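Per the numbering used here, residue 1 is the first one in the sequence shown, and the count goes up by one each step.
Ideal placement from N, C-alpha and C gives every residue a C-beta, glycine not left out.
Keep in mind that this is a model prediction, so the values were computed, not measured.
Some notes on the structure that comes next.
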Amino acid sequence: MADDERSLRRTVADLEQEVNYLRARLRRAEADADEIDDAAPGPFFVGGTGRSGTWMLGRLLGQHPDVAVIRTELRFHSSEGGFGRVLRGEESIDEFTDRVRSRWYGIAGASGSPKGLLLLATSGELSEATKRLRADGGDPASALRAFAHRLVDPYAHGRGARTWVETTPDNTAATDVLLQVFPRARVFDIVRDGRDVAASVVTMAWGPDSPDDALDWWAARVRAGHAAMARADADRVMRVRFEEFALTHREQRLDEVLACAGFERTKAIERYFARAVDPEKAHTGRWRAEMSSARAAAFDARYRDLYRELEDEGVAGLPITPDDADRLGV
Numbered sequence: 001m002a003d004d005e006r007s008l009r010r011t012v013a014d015l016e017q018e019v020n021y022l023r024a025r026l027r028r029a030e031a032d033a034d035e036i037d038d039a040a041p042g043p044f045f046v047g048g049t050g051r052s053g054t055w056m057l058g059r060l061l062g063q064h065p066d067v068a069v070i071r072t073e074l075r076f077h078s079s080e081g082g083f084g085r086v087l088r089g090e091e092s093i094d095e096f097t098d099r100v101r102s103r104w105y106g107i108a109g110a111s112g113s114p115k116g117l118l119l120l121a122t123s124g125e126l127s128e129a130t131k132r133l134r135a136d137g138g139d140p141a142s143a144l145r146a147f148a149h150r151l152v153d154p155y156a157h158g159r160g161a162r163t164w165v166e167t168t169p170d171n172t173a174a175t176d177v178l179l180q181v182f183p184r185a186r187v188f189d190i191v192r193d194g195r196d197v198a199a200s201v202v203t204m205a206w207g208p209d210s211p212d213d214a215l216d217w218w219a220a221r222v223r224a225g226h227a228a229m230a231r232a233d234a235d236r237v238m239r240v241r242f243e244e245f246a247l248t249h250r251e252q253r254l255d256e257v258l259a260c261a262g263f264e265r266t267k268a269i270e271r272y273f274a275r276a277v278d279p280e281k282a283h284t285g286r287w288r289a290e291m292s293s294a295r296a297a298a299f300d301a302r303y304r305d306l307y308r309e310l311e312d313e314g315v316a317g318l319p320i321t322p323d324d325a326d327r328l329g330v
């Protein structure tokens, strides 16, 4: 009987989600699309250092019926300078579009599976968007915005969503540029204890090879994110400390995230938060299990030195202190 009840609840939850999507579509059908877009925030960008919870936070925002989760990192807008290189005059439109196709369109993941923009747009669609961008003689920020929307919006609209959320970690370091290009965008920066980030990064094929190098990599990315967010509109950005979001201030931080996004709580969001932002899965302090006691002590000392350096520099949005993190450790 218990299994039947759980199955029925899952069915009801699925139906509620479908109804939410249908209602969103109906609102768009009955109202002027430009009016809806002018009234609501979006798109949403989630960034971080990498290995800090970007995908988890992006998926949570994507539980709202108006928001589609882009299931690949777009990258072209924020990685390796992204849109900023064009806006600063460091790269021409032709150079930018050539880089989008050669660098970001058909990239593959570690397993060799496709990971790039080709998951959203065909080669012909990219060619058409490129042609229109190159022909646009207006404001570069507006032209880049139109380019992105031509490539990404069909994916969101095809899923009954008004807008989308994207999770390239470099979004944080491009915060000011993204808000210049997308006037109604919101940028979320999720930060996590640097020791846990570094211990995770060294297991990645694309990351630094040693824990100490990974800490330096983490600190450089924190500094870049701080600089970009300091140049941005404070009302359109939010930093989220992973440990607070997942463990110590769950309900408060969830409400703050939703307020920044302009969302009300929904059952779908609450279900996802309970299921995926699970304290048991946070693994805070897991870095200690990845190395010997002696190595862990030296690694910890190096991290604390870096943390103090960043504090002394006035870097905002650091993760919780090492001592606070240690009190939560596995």
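| Check | Outcome |
| --- | --- |
| Close beta carbons around arginine 239, own chain, < 7 angstroms, minus the five adjacent residues each side | Asp189, Val191 and Gly317 |
| Pairwise C-alpha distance: threonine 168 and glutamine 75 | First, the residue type needs correcting, since residue 75 is arginine and not glutamine in the sequence shown. Each residue's alpha carbon lies about 6 angstroms from the other. |
| For alanine 108: DSSP bridge partner residues | Pro114 |
| Cα-Cα separation between glutamate 73 and glycine 58, rounded to whole angstroms | 11 angstroms |
| For glutamine 180 and glycine 138, the rounded distance between their alpha carbons | 15 angstroms |
| Short Cβ contact (8 angstroms threshold) for valine 86 with threonine 175 | no |
| Anticipated Cβ contact below 8 angstroms, tryptophan 104 with aspartate 196, distance rounded | Going by Cβ atoms, the distance from tryptophan 104 to aspartate 196 rounds to 28 angstroms, so no, they are not a contact pair. |
| Within 8 angstroms, strictly: CB atoms of alanine 68 and alanine 156 | yes |
| Proximity below 8 angstroms, CB of threonine 172 to CB of glycine 42 | no |
| Reduced DSSP category for threonine 168 - H, G, I as helix; E, B as strand; rest coil | coil |
| As assigned by DSSP and simplified to three states, the class of valine 177 | helix |
| The alpha helix (DSSP H) enclosing arginine 304, as first and last residue numbers | 293–312 |
| Collapsed DSSP secondary structure at methionine 238 in the structure displayed | strand |
| Contacts around alanine 198, its chain only, beta-carbon distance under 6 angstroms, and the 5 residues preceding and following it disregarded | Pro211, Ala214, Leu215 and Trp218 |
| Exposure label - arginine 253; buried when at least 16 CB within 10 Å | buried |
| Beta-carbon separation (whole angstroms), valine 187 vs glycine 47, contact threshold 8 angstroms | 7 angstroms |
| Pairwise C-alpha distance: alanine 294 and glycine 84 | 43 angstroms |
| Residue nearest to glycine 50 in terms of C-alpha spacing, selected from Leu61, Asp193, Phe44 and Arg275 | Asp193 |
| Burial state of threonine 54, where buried means 16 or more other Cβ atoms lie within 10 Å | buried |
| Closest by C-alpha distance to alanine 205, when choosing among Glu90, Gly112 and Pro65 | Gly112 |
| Selected residue, minimal CA-CA separation from leucine 133, among Ser92, Val222 and Arg241 | Ser92 |
| Cross-strand partners of arginine 186 (DSSP beta bridge) | Phe44 |
| Straight-line Cα distance separating proline 183 from phenylalanine 45 | 13 angstroms |
| Selection from Gly109, Ile107 and Lys115 that minimises the alpha carbon distance to isoleucine 70 | Lys115 |
| Own chain, CB closer than 6 angstroms to glutamate 309, minus 5 neighbours either side, in chain order | none |
| Reduced DSSP category for alanine 68 - H, G, I as helix; E, B as strand; rest coil | strand |
| Alpha-carbon spacing of alanine 148 relative to valine 100, whole angstroms | 11 angstroms |
| According to DSSP, residues forming a beta bridge with threonine 163 | Val67 |
| Leucine 328 and glutamate 244 closer than 8 angstroms at C-beta | no |
| Whole-angstrom C-beta distance between valine 165 and glycine 62, which should lie under 8 angstroms | 5 angstroms |
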